[in-house]
Amino acid sequence: MNLVLLLAGAGVTFVLDRFTKTLIARRPSPGPGPRYAGLTIRLVEHRYGHATAGLALVLLSIMVAVVCAARAGLLFHTPAARVAIGAALGGAASNLYDRLTRGAVLDFIDLGWWPVFNLADVAITCGVITALLV
443 MNLVLLLAGA GVTFVLDRFT KTLIARRPSP GPGPRYAGLT IRLVEHRYGH ATAGLALVLL
503 SIMVAVVCAA RAGLLFHTPA ARVAIGAALG GAASNLYDRL TRGAVLDFID LGWWPVFNLA
563 DVAITCGVIT ALLV
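Reading the sequence shown from the start, the letters are residues 443 to 576 in the numbering used here.
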């Protein structure tokens with residue numbers, strides 16, 4: 443049950459992030475898209491240099507360590523914490539997937555007053571904070 447909740451959170455987040463990035467990447471117009479209550483849909487590719495492979499290996503190692511620690515019952519004892527850290531890992535995995543396959547992470551949520559980000563970034567931030575608080 444411990445690992446199931448973590449993997450469910452990770453899987454759902456990974457699939458949702460891949461789906462939203464695919465939709466945004468297929469938009470016909472390259473400029474800013476629709477605006478919804480102060481939020482603009484705008485595709486931005488954040489490219490990374492040669493350090494990407496090393497960073498990818500470090501991120502993958504951290505994800506494996508967190509999964510092993512959670513599986514062993516050393517971290518994230520509540521079901522909510524396991525789902526939350528799973529969501530964070532799913533977001534990190536999706537951004538890692540972008541880095542390895544595209545050489546860039548696709549971001550598309552533009553608030554105008556914050557750097558452009560994606561659903562994976564939200565899952566990472568909210569997932570880690572939630573997992574630490576519950």
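Don't be surprised by glycine CBs; every beta carbon is placed ideally from N, CA and C.
A quick note: this is a predicted structure, and the numbers were derived from the prediction, not measured.
Give the range of the alpha helix (DSSP H) segment to which residue i is assigned.
| i | result |
| --- | --- |
| Leu561 | Leu561 to Leu575 |
| Arg460 | Asn444 to Ala467 |
Based on DSSP bridge pairs, tell me the residues matched to residue i.
| i | result |
| --- | --- |
| His488 | Val547 |
| Asp552 | Thr482 |
| Arg477 | Thr482 |
Report yes if the CB atom of residue i is closer than 7 Å to the CB atom of residue j, and no otherwise.
| i | j | result |
| --- | --- | --- |
| Ala546 | Glu487 | yes |
| Val525 | Gly451 | yes |
| Pro429 | Leu447 | Any question about residue 429 goes unanswered here, given that the chain covers just 443 to 576. |
| Pro476 | Ile466 | no |
| Phe456 | Gly532 | yes |
| Ala529 | Val576 | no |
| Asp552 | Asn560 | no |
| Phe518 | Ala565 | no |
| Met505 | Ala479 | no |
Is it true that the segment 499-508 meets the segment 551-571, where meeting means three or more beta-carbon pairs spaced less than 8 Å apart?
-> no
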